[in-house]
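J.: The working numbering applies: residue 1 is where the sequence shown begins, and numbers increase by one.
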Amino acid sequence: MERFSTRKKEHLPTHFYNIKADLAVQPKPPLDPRSGQALDPSALQAIFPRAFIDQEISRERYLPIPTAVLEAYAQFRPTPLIYAAELKKKLQTPAHIFYKFEGVSPTGSHKSNTALMQAYLAAEEGVNTLVTETGAGQWGSALAYAGSRFGISTRVFMVRASYRQKPGRRTLMSLFGAQVEESPGPNTESGRGYFLKNADHPGSLGIAISEAVETVLNNPASKYALGSVLDSVLLHQTVIGLEAEKQLSEIGMEPDTVIGCVGGGSNFAGISFPFIRKNLVEGKKIDFIAVEPEVCPTLTGGELRYDHGDSAGLTPLLYMYTLGRDFIPPPIHAGGLRYHGMAPLVSHLAATGQVRACSYSQSAVFAAAKTFYVSEGVLPAPESAHAIAAVIEAANQAARTGEEKIILFNLSGHGFFDIGAYESNGGASSSTAVPA
Ligand SMILES: *Cc1c(COP(=O)(O)O)cnc(C)c1O
């Protein structure tokens, strides 16, 4: 097969897919941290828009995408499904490799998919400011864009390690009118302690979430927006997999293996859930691989238990794989994968054997990224490059066994804002990952 890419208007779905409708056993519910009892969803109204909470608890299989959001999606969706013919050639593998390229979104990653939904729902309810945290800056940029699209202000707590590594991201958010501050910082109770001890504290997503949630609790006209982890965020991302399903079925194909990187789990859920449905409902045997960094090994080295989503312990307790809410990962370049927890739905699917996990070192990831760049000509975000490392391993495996299997992965974002990371990881002189 030759290199090709497909995107047609008809590939854009009209509904999100809710995997909970097809799970025989549901994940354990979130708990109220004060009572230790199952959380009353109305308690979330202090921080989230009501319609967002409705989606969070829905068991409907398909939830309609509002017309205004479909119109916003149509600016960049469907995203292309690309056949990686050059990568295949380079790896000398019989495997067919397809990728969904989310880097064409206005802010360069899949995060716009949920940002637009969340900004729309908040705007409908008359919310004046959306407050959030961001790691690498992709989520903050996506929300700043979505906020400006739907006429809502945004305030972003940005993890200091990323803020300093990626000053350009801050500019992008400010251009959309967002107010951006370094986290941990002096403006919240949750940040001040860390900040006063060490004004250069690298921060973590957990701390930044605490700062954002505290800000919302103190400002009733504002609501909180979260870029990953929650069921509804994963739900919004299913547009990725639903499109891929249509794009592949049009050429008579179905994946044998689906791969995505995992930070909080949303882009992986987005590409995989519509295909996991086939295993759950149609008895298919598709293999699902979630890929994480060795230094933040939530699924491969964490514990499955109740834990807070943030560091300060302000959020409900979520039943998930976690490294502990105090875990401060080293400031690696894949900032979007530095989260201590994992989405409860992805945790549940990993615990029940539907999804398997693996991890790679930063050097292996950058070697894989370079291999991809020089063959496909697309510079991946360092986060997405984790998925590529696993794709290359699977393709090499297929080369050994002669299997003509079909691999689908999510290229969750482009790496044009991560040139600095490429420079400090060997730049032009680094080796590429080639067949063993
Ligand atoms: C944020 C981000 C991730 C990690 O978040 P998930 O919720 O696990 O998807 C991965 N890739 C890119 C490009 C990101 O911006």
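All residues carry an ideal CB built from backbone N, CA and C; glycine is no exception.
Measure from the alpha carbon of residue 418 to the alpha carbon of each residue in 33, 381, 129 and 188, then state which is nearest.
T.: Locating residue 418 in the sequence shown gives position 418, where the first residue counts as 1. Comparing Cα-Cα distances from residue 418 to each of 33, 381, 129 and 188, the minimum goes to 381.
J.: Could you tell me whether the stretch 337-354 touches the stretch 280-295, where touching means 3 or more Cβ pairs closer than 8 Å?
T.: The answer is yes - the stretch 280-295 touches the stretch 337-354, with three or more Cβ pairs under 8 Å.
J.: Give the DSSP-derived three-state secondary structure of residue 25 in the structure shown.
T.: Along the sequence shown, read from residue 1 onward, the residue named residue 25 stands at position 25. Here residue 25 sits in coil by DSSP.
J.: Are the Cβ atoms of residue 449 and residue 225 separated by less than 7 Å?
T.: With the chain covering only 1 through 436, there is no way to say anything about residue 449.
J.: For the pair the stretch 12-22 and the stretch 56-70, tell me if three or more CB-CB distances fall below 8 Å.
T.: Taking 8 Å as the limit for Cβ pairs, the verdict is that the stretch 56-70 does touch the stretch 12-22.
J.: Use the C-beta contact count for residue 4: other C-beta atoms within 10 angstroms, 16 or more gives buried, fewer gives exposed.
T.: As a position in the sequence shown, residue 4 is number 4, starting the count at 1. Counting Cβ neighbours within 10 Å, residue 4 comes out exposed, since fewer than 16 surround it.
J.: I think residue 311 touches residue 210, with their Cβ atoms under 8 Å apart; what is that distance to the nearest whole Å?
T.: Residue mapping note: residue 311 aligns to position 311 of the sequence shown, counting from 1. Residue mapping note: residue 210 aligns to position 210 of the sequence shown, counting from 1. Right, the Cβ-Cβ distance comes to about 5 Å (below 8 Å), so this counts as a contact.
J.: Please confirm whether residue 322 and residue 335 have their CB atoms less than 7 Å apart.
T.: Here residue 322 refers to the residue found at position 322 when the sequence shown is read from its first residue. Here residue 335 refers to the residue found at position 335 when the sequence shown is read from its first residue. The answer is no: Cβ separation not under 7 Å.
J.: Around the Cβ of residue 446, are there at least 16 other Cβ atoms within 10 angstroms (buried) or fewer (exposed)?
T.: What is shown of the chain runs 1 to 436, which leaves residue 446 out entirely.
J.: Between which two residues does the alpha helix (DSSP H) holding residue 197 run?
T.: Against the sequence shown, residue 197 aligns to sequence position 197. First-last of the alpha helix (DSSP H) with residue 197: 189-197.
J.: Please state whether DSSP places residue 267 in a helix, a strand or coil.
T.: By 1-based counting over the sequence shown, the position of residue 267 is 267. Of the three classes helix, strand and coil, the one that applies to residue 267 here is helix, per DSSP.
J.: Nearest-angstrom Cα distance between residue 395 and residue 88?
T.: By 1-based counting over the sequence shown, the position of residue 395 is 395. By 1-based counting over the sequence shown, the position of residue 88 is 88. Computed Cα separation, rounded: 8 Å.
J.: Sort 343, 176 and 333 by Cα distance to residue 426 and report the nearest one.
T.: Reading the sequence shown from its first residue, position 426 is the one you call residue 426. Nearest of 343, 176 and 333 to residue 426, Cα basis: 333.
J.: So, for residue 317: in the same chain, excluding its five sequence neighbours on each side, which residues have a beta-carbon less than 7 Å away from its beta-carbon?
T.: Numbered from its first residue, the sequence shown carries residue 317 at position 317. 30, 31, 33, 306, 307 and 308.
J.: Name the two residues that bound the continuous alpha helix (DSSP H) containing residue 332.
T.: Within the sequence shown, numbered from 1, the residue matching residue 332 stands at position 332. Taken as a continuous stretch (DSSP letters only), residue 332 belongs to no alpha helix (DSSP H), as it is neither H nor E.
J.: Closer than 7 Å by C-beta to residue 438: which residues in its own chain qualify, once you throw out the five before and the five after it? Chain order, please.
T.: Outside the shown range of the chain (1 to 436) lies residue 438, about which nothing can therefore be said.
J.: Tell me which residues share the same chain as residue 281 and place their Cβ nearer than 7 Å to its Cβ, disregarding the 5 neighbours each side in the sequence.
T.: The sequence position of residue 281 within the sequence shown is 281, counting from 1. Excluding residues within five positions, the ones whose Cβ falls inside 7 Å are 22.
J.: Which of the three DSSP states, helix, strand or coil, is assigned to residue 257?
T.: Position 257 of the sequence shown, counted from the first residue, corresponds to residue 257. Residue state, collapsed to three classes: strand.
J.: What's the gap between the Cα of residue 435 and the Cα of residue 82?
T.: By 1-based counting over the sequence shown, the position of residue 435 is 435. By 1-based counting over the sequence shown, the position of residue 82 is 82. Legend: pLDDT at residue 435 = 47, less than 50; position of this residue unreliable, no value from coordinates given.
J.: With 16 as the cutoff for other CB atoms within 10 Å, does residue 198 come out buried or exposed?
T.: Within the sequence shown, numbered from 1, the residue matching residue 198 stands at position 198. Its Cβ having fewer than 16 others within 10 Å, residue 198 is exposed.
J.: If you count every other CB in all the chains shown that lies within 10 Å of the CB of residue 388, and 16 or more means buried, which is it?
T.: Here residue 388 corresponds to residue number 388 of the sequence shown, with the count starting at 1. Result: buried.
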